[in-house]
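Trainee: Protein chains in written order, with the UniProt record's numbering: chain A, 1 to 492; chain B, 1 to 565.
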Amino acid sequence: MDESNSSSVPSGPTVDITVTPSIQQTSQAPRSTTPNTLGRSSPAPSVALPRRHSLYGTGEDRIVLDIGSLYIKAGFSGESRPRHIVPVYAGNMKFHWDPEFNGSGGVVKACGESCRVIGEFAELFDLEIGQYPDGLDALYDRLAHYLREIYFRYLLTDPKQRKVVLCESPMLPLKLKQLIAKVLFENLQVPSISFAPSHMLALLTTGCTTGLVIDVGHLETTVLPTFSARPLTPFIRTTPLAGRALTKRLKELLSAYGSMIIPPSKEQKPVHAKYLTPAVLEDIKTRFIFVSPMMISEASIGIAEKTLVEDMEDKYATVVSTSDVLYPFTISKRGRERQIGTLVVPGWIRERCAEVLFEGDEDESSVVGCALECLLKTPIHLRAPLASAILLIGGTTLLPNFQSRFGHELLRTLNTDRRFKSLSKLVGHIGFLEDTGSGKVFVANCRTWVGGSLIGSLKSTVIEISREKFNGQVPDWTTANLSKSDETEVEE
Amino acid sequence: MNSLQTETRHIRPYVHYHCGCPDVNKPTTDLESEKEEETFDIDSPGIHFSTFPISKLYFCDDCHQIRCPRCVQEEIVCYYCPNCLFEVPTASVKSERNRCARNCFQCPICQNTLSVVASSEPQPTPSPISPTVPTVSATGAPYYLSCGVCRWDSQEIGMTFEKATGLALQLQKTEDERPDVKEFDHLKDQFEKHLRHNTPSTTLPSSLLSIPGMSGMNSFSSRYGNTGLAHSQQKSDDVEKYEAAVDKVEPENGLVDDLVHLTDVNQITTLTQRMNQLSDQPYKVERLQPQRIHLRTKRVKRCRSCRHILIKPEQKAQATRFKIKLVALKNIPKITIASLPKLILNQPTQIVLKFSNPLYEEISVDLTQEEIIIQEETTIQDDCGKPTLEKVTIGKVTILAPHFNITPYNEVLEYEEDLISSRRAAKADIGIYEKRGNSTSIILEITPLAEVEEFKFPLLVKYTSKNTENNENEGVTTEEKSSGETNSSKAITSDEIFADESNEVTKTLSFWTVIGLGNVIKAPTGTSGTTVKGPGSRTEPSGSKGSSSRGSNSANRSGTSSSKS
């Protein structure tokens with residue numbers, strides 16, 4: 001069947017003609033009869049062939065990148081999911097490529113190739129990027145390395161031939177944004193980059209243009225109201241309670257209350273810190289932690305107050321029925337995994353670890369408090385439409401039961417917290433976008449990417465910075481109004 | 001450094017070569033790389049990205065420079081499936097989602113390759129691992145996928161096939177009907193329709209059009225902050241109410257209950273398993289499905305500065321030959337750690353570094369420094385709690401023989417190890433441990449002065465090769481030369497030998513290396529550890545790769561060997 005492909009599609013540079021009509025066909029043809037061939041066309045029927053994207057991708061399909069501090073999501077525009085989510089938190093290239101050099105447990109085998117991501121745990125970047133003077137150079141190298149890998153090993157495409165849609169979080173430091181642009185333009189020589197705001201993109205994947213988008217990522221939680229496709233950036237609220245805080249809490253709890261059994265002895269010993277590697281913690285976090293459906297923290301000021309780690313066992317251990325989990329420790333030696341012992345993860349830790357996200361104080365709002373503070377800042381007439389269209393995105397919201405607990409906490413806070421008294425009328429309006437329409441058809445950690453893919457595939461003039469025009473500067477929403485004031489705008 | 005990690009991980013000794021990548025367009029570090037000629041900071045954060053094992057490096061003949069993966073440009077010449085070695089035409093690579101469209105699948109549990117198995121007998125009972133999943137067509141269809149490593153088979157999830165070939169095609173239908181694919185296309189239609197209706201009247205900034213990248217940069221900037229305006233336009237430009245194309249997707253009902261009562265950790269997918277199934281990233285193992293195997297590429301690599309081809313593989317997927325293969329292993333002296341006793345605090349220890357010459361010419365190596373003092377900047381909290389930078393001496397490295405020659409590579413000698421080893425440098429050469437074949441081993445004296453997890457030091461290697469056009473002549477005299485050298489001081493020898501051939505082309509190249517020797521331990525009682533004789537008698541280099549790469553060297557060159565002898 002591949003032979004038929006090569007014969008009907010000319011294998012020369014005489015290609016791009018087929019692309020433009022294909023998109024129009026899709027939009028005009030009745031939905032029921034249109035085979036869903038765009039971007040993932042079935043190889044079998046010959047009808048699908050003219051729909052194929054061009055051989056060399058001259059412009060029509062773009063590369064969509066969502067660069068996070070732990071994972072880079074990458075794929076082609078016009079597809080409903082990223083091709084790959086590449087972990088980028090590992091140490092460095094050498095370890096990455098040397099299959100013999102395995103860290104403990106840190107083996108992540110991706111893309112079916114024998115490239116393993118191994119090494120010391122480090123986020124790709126931090127939000128306080130200015131504090132590390134030589135950090136930017138190292139980051140340039142890391143980013144260039146990962147992006148090269150993504151292009152040549154995962155996407156299997158030449159960066160010079162495809163434009164890029166870059167999903168950007170509104171709180172991404174400008175320096176970092178410039179750095180990413182620099183890597184893409186200088187190192188990979190991509191033809192152009194379009195920046196797109198991540199919250200907005202995620203919202204589009206629900207088919208709505210108004211909503212309160214709450215992104216609970218790794219480094220921080222960002223709440224951004226969007227009304228009628230306009231991100232209301234001045235009202236953005238953030239809190240550091242997110243994935244990283246959860247990992248930290250998990251580590252504290254496991255070191256304090258976890259136990260381990262190392263054969264041949266059968267007794268349970270306290271967990272030695274050296275076994276709680278970031279890879280192990282990430283694994284436990286993504287597999288066995290869930291958000292408890294029950295709220296038991298007493299809430300004197302509405303938002304649950306922080307509980308000290310020392311008090312947690314007393315508070316939680318007696319009121320949960322969650323089973324303990326026996327987690328096998330493996331150490332990889334020369335590429336082979338070997339179990340050396342068992343870690344006992346108490347059930348109450350599994351159930352209550354995520355409480356950290358719902359407990360706040362004056363300095364760090366809880367995720368719920370952060371959302372309500374954001375609502376409090378928005379104009380009164382926008383509050384109801386926003387509160388009835390809450391969208392939770394980001395990897396941390398994939399914790400089972402996160403959304404339902406979030407909803408309960410929201411209601412409780414609205415009812416009890418004096419700070420949010422003016423919002424109390426919203427109680428009847430609270431609603432989640434994923435509870436309506438198509439539900440969780442897209443996974444929450446990919447919604448931003450899917451939105452980018454959507455934008456990239458629409459036929460319209462796309463604003464982009466081209467490589468020729470790149471001078472180290474990137475569009476910056478914080479100053480854009482000032483710098484562009486000399487140009488006349490249509491609506492003024 | 002995280003002491004927590006290193007305890008569980010043994011740091012291996014290594015020799016890594018530095019590539020300054022002078023041609024990589026990177027203005028921010030230009031200043032640094034200029035400085036690097038004299039000082040080479042082995043503790044800089046970028047070190048991991050600029051140093052490589054020799055096996056990863058290339059050598060550009062035209063620039064006479066080392067090239068690393070960072071300073072080569074790649075072009076894909078061939079796509080193929082690593083399992084069936086089928087070459088995929090460029091045109092269909094992307095539409096196949098970069099995966100094999102034939103019969104190759106990887107196990108959803110352990111990512112190994114699955115094989116197609118014919119079910120000899122009907123299997124009426126579902127597998128005990130996932131009793132909840134009904135095996136729909138298990139009895140009907142005769143073929144299924146099976147993993148030879150973890151024993152997973154596709155009957156567990158009710159996936160069977162009518163035919164044993166074209167499995168990807170048989171699955172394509174379900175793939176195309178996934179809700180996320182449908183929904184995505186529907187969303188696209190919706191927004192395209194909206195754009196079509198709104199584009200003619202661009203007098204008002206359509207809000208959707210002002211999604212960055214959708215219209216002018218101006219509206220991009222105005223989009224933020226114009227909230228009052230937004231409200232008034234709500235009616236005119238907002239997207240009409242959207243009706244989802246698919247029914248509400250509620251994956252994995254009852255997941256929390258399952259998690260509450262979880263006993264077997266293997267019932268929950270790992271991150272790796274989820275990331276191989278991005279359509280829904282399921283929590284439960286029984287929802288995992290086999291994925292087609294990812295394609296690989298063959299790539300041409302070019303030097304970034306002169307655009308010459310360094311690596312050119314044979315186009316066919318089955319062929320492992322290279323048409324052009326300019327690798328560093330065949331062009332610069334290879335350094336291996338031949339003997340490495342345990343490093344003990346404050347105790348001078350002799351290690352042996354073996355320099356091998358891959359060239360057909362004699363080279364002279366110049367290590368420039370005779371003594372290297374390793375210092376590390378550490379922040380120390382003083383009494384007031386103020387952090388101050390202080391240099392702490394980690395150790396001292398003394399090179400006893402900083403200048404030496406290495407005889408040319410000669411494949412005949414490769415097979416006569418015994419004969420050569422008798423020509424060991426018995427005396428006279430201070431610091432030369434041994435000379436044999438195309439390699440010279442030298443002695444370095446290491447004195448660790450601090451207890452560190454990894455003792456590493458930089459070494460600037462400068463070598464000069466004299467390119468005699470008259471290769472035959474050299475081949476004949478090789479043996480005599482090497483025997484003559486061992487008897488006299490090497491520096492003088494080199495001058496003498498090449499004095500009468502002064503019209504030759506001399507090429508010099510210098511490069512930095514980082515040599516890591518593993519951790520330093522405190523002195524245990526009753527161990528001397530100063531002698532090199534004991535561990536040194538082990539002739540096989542302990543720095544890994546030594547033996548294997550030499551093997552490939554001889555194999556690659558064997559084709560040309562007949563003309564030499």
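Cβ atoms here follow ideal geometry from the backbone N, Cα and C, with glycine treated the same way.
Kindly indicate if chain A contains any beta-carbon less than 8 Å away from that of P313 (chain B).
Mentor: It does not; no Cβ of chain A falls within 8 Å.
Trainee: DSSP state of W449 (chain A), grouped into three classes?
Mentor: Here W449 (chain A) sits in helix by DSSP.
Trainee: For the stretch 336-370 of chain B, which residues have a CB atom closer than 7 Å to at least one CB atom of chain A, in sequence order?
Mentor: Listed by position along the chain: nothing, the set is empty.
Trainee: Can you check whether the CB of T221 (chain A) is closer than 8 Å to the CB of M200 (chain A)?
Mentor: Not closer than 8 Å, so no.
Trainee: Skipping 5 residues on each side, what residues in its chain have a beta carbon closer than 6 Å to that of P328 (chain A)?
Mentor: Around P328 (chain A): Q339 and T342.
Trainee: Does the Cβ-Cβ distance between R405 (chain A) and S292 (chain A) come in under 8 Å?
Mentor: Yes. Within cutoff.
Trainee: Using a Cβ-Cβ distance cut-off of 8 Å, determine whether V309 (chain A) contacts chain B.
Mentor: For V309 (chain A), the answer is no, since every Cβ of chain B falls outside 8 Å of its Cβ.
Trainee: Looking at L343 (chain B) and T336 (chain B), is the spacing between their C-beta atoms short of 8 Å?
Mentor: No. Outside cutoff.
Trainee: With DSSP run on the structure shown, which of helix, strand or coil describes R274 (chain B)?
Mentor: In this structure, R274 (chain B) counts as helix in the three-state DSSP scheme.
Trainee: In whole angstroms, what separates the C-alpha of C306 (chain B) from that of C63 (chain B)?
Mentor: Cα to Cα, C306 (chain B) sits roughly 7 Å from C63 (chain B).
Trainee: Look up I47 (chain B) in the DSSP assignment and say whether it is helix, strand or coil.
Mentor: Here I47 (chain B) sits in helix by DSSP.
Trainee: Could you list which residues in chain B have their beta carbon closer than 7 Å to that of T286 (chain A), in chain order?
Mentor: Simply L271.
Trainee: Give the secondary structure of F161 (chain B) by DSSP, where H, G and I count as helix, E and B as strand, and everything else as coil.
Mentor: Of the three classes helix, strand and coil, the one that applies to F161 (chain B) here is strand, per DSSP.
Trainee: Closest by CA to T398 (chain B), which one among B:S50, B:F404, B:E371 and B:A523?
Mentor: Minimum Cα distance to T398 (chain B) is reached at B:E371.
Trainee: Measure how close the beta-carbons of N438 (chain B) and N331 (chain B) come, nearest whole angstrom, since I'm counting them as under 8 Å.
Mentor: The pair is not a contact, with the Cβ atoms about 13 Å apart (cut-off 8 Å).
Trainee: Do you know offhand how far K177 (chain A)'s Cα is from S194 (chain A)'s?
Mentor: Cα to Cα, the separation comes out at about 12 Å.
Trainee: Please return the same chain residues whose Cβ sits closer than 7 Å to the Cβ of V309 (chain A), not counting the five positions on each side in sequence.
Mentor: The answer, listed in chain order, is E252, L253 and A256.
Trainee: Thinking L212 (chain A) and A389 (chain A) are a contact (beta carbons under 8 Å), I'd like their distance in whole angstroms, please.
Mentor: Between A389 (chain A) and L212 (chain A) the Cβ distance is about 6 Å, and since that is below 8 Å, they are a contact.
Trainee: State whether the stretch 73-81 of chain B contacts the stretch 351-365 of chain B, with contact taken as three or more CB pairs (one from each stretch) at a distance under 8 Å.
Mentor: Verdict: no, contact absent.
Trainee: Using 8 Å as the limit for Cβ to Cβ distance, is S69 (chain A) near chain B?
Mentor: With 8 Å as the cut-off, S69 (chain A) does not count as an interface residue toward chain B.
Trainee: Quick one: which chain A residues come within Cβ less than 9 Å of A164 (chain B)?
Mentor: Ordered by position in chain A, no residue passes the 9 Å Cβ test against A164 (chain B), which lies about 15 Å from the chain.
Trainee: Report yes if the CB atom of L423 (chain A) is closer than 8 Å to the CB atom of L376 (chain A), and no otherwise.
Mentor: Against a cut-off of 8 Å, the Cβ pair of L376 (chain A) and L423 (chain A) comes out as a contact.
Trainee: In this structure, what does DSSP give as the bridge partners for W512 (chain B)?
Mentor: Answer by DSSP bridge pairing, in chain order: B:L460.
Trainee: Using CA atoms only, rank isn't needed, just tell me which of A:E60, A:V319, A:L250 and A:Q268 is closest to I289 (chain A).
Mentor: Out of A:E60, A:V319, A:L250 and A:Q268, A:L250 has the C-alpha closest to the C-alpha of I289 (chain A).
Trainee: If I measure Cβ to Cβ from S465 (chain B) and keep anything under 6 Å in the same chain, skipping five residues before and after, which residues do I get?
Mentor: Result list for S465 (chain B): L359, E361, I363 and K507, in chain order.
Trainee: On the DSSP bridge list, what partners appear for T349 (chain B)?
Mentor: Note: T349 (chain B) sits in a beta bridge opposite B:I446.
Trainee: At the level of alpha carbons, what is the spacing between Y242 (chain B) and F105 (chain B)?
Mentor: Rounded to the nearest angstrom, the two C-alpha atoms are 38 Å apart.
Trainee: Mind pulling the alpha helix (DSSP H) runs of 4 or more residues that sit fully within the stretch 131-158 of chain A?
Mentor: Here the runs fully enclosed are 135-149.
Trainee: Exposed or buried, E411 (chain B), counting other C-beta atoms within 10 Å across all chains shown (16 or more means buried)?
Mentor: Under this definition E411 (chain B) is a buried residue.
Trainee: Would you identify the three-state DSSP class for E479 (chain B), choosing helix, strand or coil?
Mentor: For E479 (chain B), the predicted model reports a pLDDT of 38, less than 50, meaning its position is unreliable; a value from the coordinates is still stated below. Of the three classes helix, strand and coil, the one that applies to E479 (chain B) here is helix, per DSSP.
Trainee: At a Cβ threshold of 8 Å, is L295 (chain B) touching chain A?
Mentor: L295 (chain B) counts as touching chain A.
Trainee: Just checking: is the beta-carbon of Y58 (chain B) within a distance shorter than 8 Å of some beta-carbon in chain A?
Mentor: By this cut-off, Y58 (chain B) is not an interface position.
Trainee: Roughly how many angstroms separate the alpha carbons of residue 518 (chain A) and N276 (chain B), rounded to a whole number?
Mentor: This structure does not reach residue 518 (chain A), given that chain A is present from 1 up to 492, and the question cannot be answered.
Trainee: Taking its Cβ as the centre, do 16 or more other Cβ atoms sit within 10 Å of M260 (chain A), making it buried, or is it exposed?
Mentor: Buried is the call here.
Trainee: Nearest to I309 (chain B) by CA position, among B:Y14, B:C60 and B:T51, is which residue?
Mentor: Ranking the options by Cα distance to I309 (chain B), first place goes to B:C60.
Trainee: Taking one C-beta from the stretch 73-83 of chain A and one from the stretch 169-188 of chain B each time, how about it: are there three or more such pairs within less than 8 Å?
Mentor: The stretch 73-83 of chain A, when compared against the stretch 169-188 of chain B, does touch it at the 8 Å Cβ threshold.
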